[in-house]
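Student: My questions all concern the structure below.
In this note's numbering, the protein residues as written are 1112 to 1342.
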């Protein structure tokens, strides 16, 4: 059998909405780049490390993002509200497609923020309040002048996808769900694997050579005398 190459994608989208007196007055959106350190953190989430995104920071540079960036280009100095805590309530406020493998995060910048008078041009996801690792960066397609009385809502989402091609080792749908939930929950997701653990811990062998398809949830033909290892 000739196996084809596959590609896995972690696609990011950022939406920034401005509100005045409870009414939305502006919305801009675009795709972000998951930088190299961000990809490494997503990898670590699969190995029982709590390193997912917790904070969003804004800055004032419109320099294009490169994969090797480790911080915002021009973060705001001395502004307490420059980096703020994320909430996971995005689904409660924005209609989403439940079938998509998407992890979503939300942050508000309040009307009375100390960022008033600043021009917002970039945003980054980080895994702690001080220092930490930048996971992804976004350059706003339109600069935002933060002013008194205006609340900014920044929604950040990641969608996990895969080319549907035949492979010797195919990351099945539940595997994609695992990655999504690890990003979303900043921990190991409660998915039902062979031993109900919340992280990758076992290898299981079987006797079928059927090709893998993305909807599979277990081995096609398990060995009857298989004894779990690693307990």
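Where is the CB? At the ideal position from N, CA and C, for every residue including glycine. Computed from a prediction, not measured in an experiment: that's the story for all the values here.
Look at the alpha carbon of residue 1231 and the alpha carbon of residue 1269, and state the distance between them as a whole number of angstroms.
Tutor: Taking the straight line joining both Cα atoms gives about 22 Å.
Student: Are residue 1218 and residue 1195 closer than 8 Å when you measure CB to CB?
Tutor: Going by C-beta atoms, residue 1218 is nearer than 8 Å to residue 1195.
Student: Between the beta-carbon of residue 1152 and the beta-carbon of residue 1170, is there less than 8 Å?
Tutor: No, the Cβ-Cβ distance between residue 1152 and residue 1170 is not below 8 Å.
Student: Looking only at its own chain, which residues have a Cβ that is under 6 Å from the Cβ of residue 1263, when we skip the five neighbours before and after it?
Tutor: Taken in chain order, the residues that qualify are 1129, 1220.
Student: How would you write the range of the beta strand (DSSP E) that residue 1233 sits in, first residue to last?
Tutor: First-last of the beta strand (DSSP E) with residue 1233: 1230-1237.
Student: Report the three-state DSSP secondary structure of residue 1148 (helix, strand or coil).
Tutor: Reduced to three states, the DSSP call for residue 1148 is helix.
Student: At the level of alpha carbons, what is the spacing between residue 1345 and residue 1143?
Tutor: Shown here, the chain extends from 1112 to 1342; a query on residue 1345 therefore has no answer.
Student: Between 1237, 1261, 1250, 1258, which has its C-alpha nearest residue 1163's C-alpha?
Tutor: Looking at the Cα atoms, 1237 is the closest of the given residues.
Student: Give the secondary structure of residue 1312 by DSSP, where H, G and I count as helix, E and B as strand, and everything else as coil.
Tutor: Any reading at residue 1312 must be qualified, since the residue scores a pLDDT of 46, below 50, and its modelled position is unreliable; no value is offered.
Student: Identify, in the order they occur along the chain, each residue of the same chain with its Cβ nearer than 8 Å to the Cβ of residue 1178, setting aside the five sequence neighbours on each side.
Tutor: Hits under 8 Å: 1144, 1146, 1147.
Student: Is residue 1222 helix, strand or coil by DSSP?
Tutor: In the structure shown, residue 1222 sits in coil (DSSP, three-state: anything other than H, G, I, E or B).
Student: In the DSSP assignment, what residue or residues form a beta bridge with residue 1217?
Tutor: Per DSSP, 1198, 1266.
Student: Where does the unbroken beta strand (DSSP E) through residue 1243 begin, and where does it stop?
Tutor: Looking at the DSSP string, residue 1243 is not in any beta strand (DSSP E), and its letter there is neither H nor E.
Student: Under three-state DSSP, which class holds residue 1187?
Tutor: Note: residue 1187 maps to coil in three-state DSSP.
Student: Helix, strand or coil for residue 1257? Go by DSSP, reduced to three states.
Tutor: Residue 1257 falls in the coil class under three-state DSSP.
Student: Suppose you measure from the CA of residue 1233 to the CA of residue 1133; what does that come to, to the nearest Å?
Tutor: Cα to Cα, the separation comes out at about 24 Å.
Student: Look at the alpha carbon of residue 1252 and the alpha carbon of residue 1168, and state the distance between them as a whole number of angstroms.
Tutor: Each residue's Cα considered, the two are about 17 Å apart.
Student: Between residue 1193 and the rest of its own chain, which residues show a CB-CB distance below 8 Å, the 5 nearest in sequence each way excluded?
Tutor: Closer than 8 Å at the Cβ level, and outside the excluded window around residue 1193, lie 1168, 1169, 1170, 1186, 1187, 1226.
Student: So, helix, strand or coil for residue 1252, using DSSP?
Tutor: Three-state result, residue 1252: strand.
Student: How big is the Cα-Cα spacing for residue 1216 and residue 1197?
Tutor: Rounded to the nearest angstrom, the two C-alpha atoms are 6 Å apart.
Student: Have a look at 1135, 1166, 1138 and flag the residue whose alpha-carbon is nearest the alpha-carbon of residue 1239.
Tutor: Looking at the Cα atoms, 1166 is the closest of the given residues.
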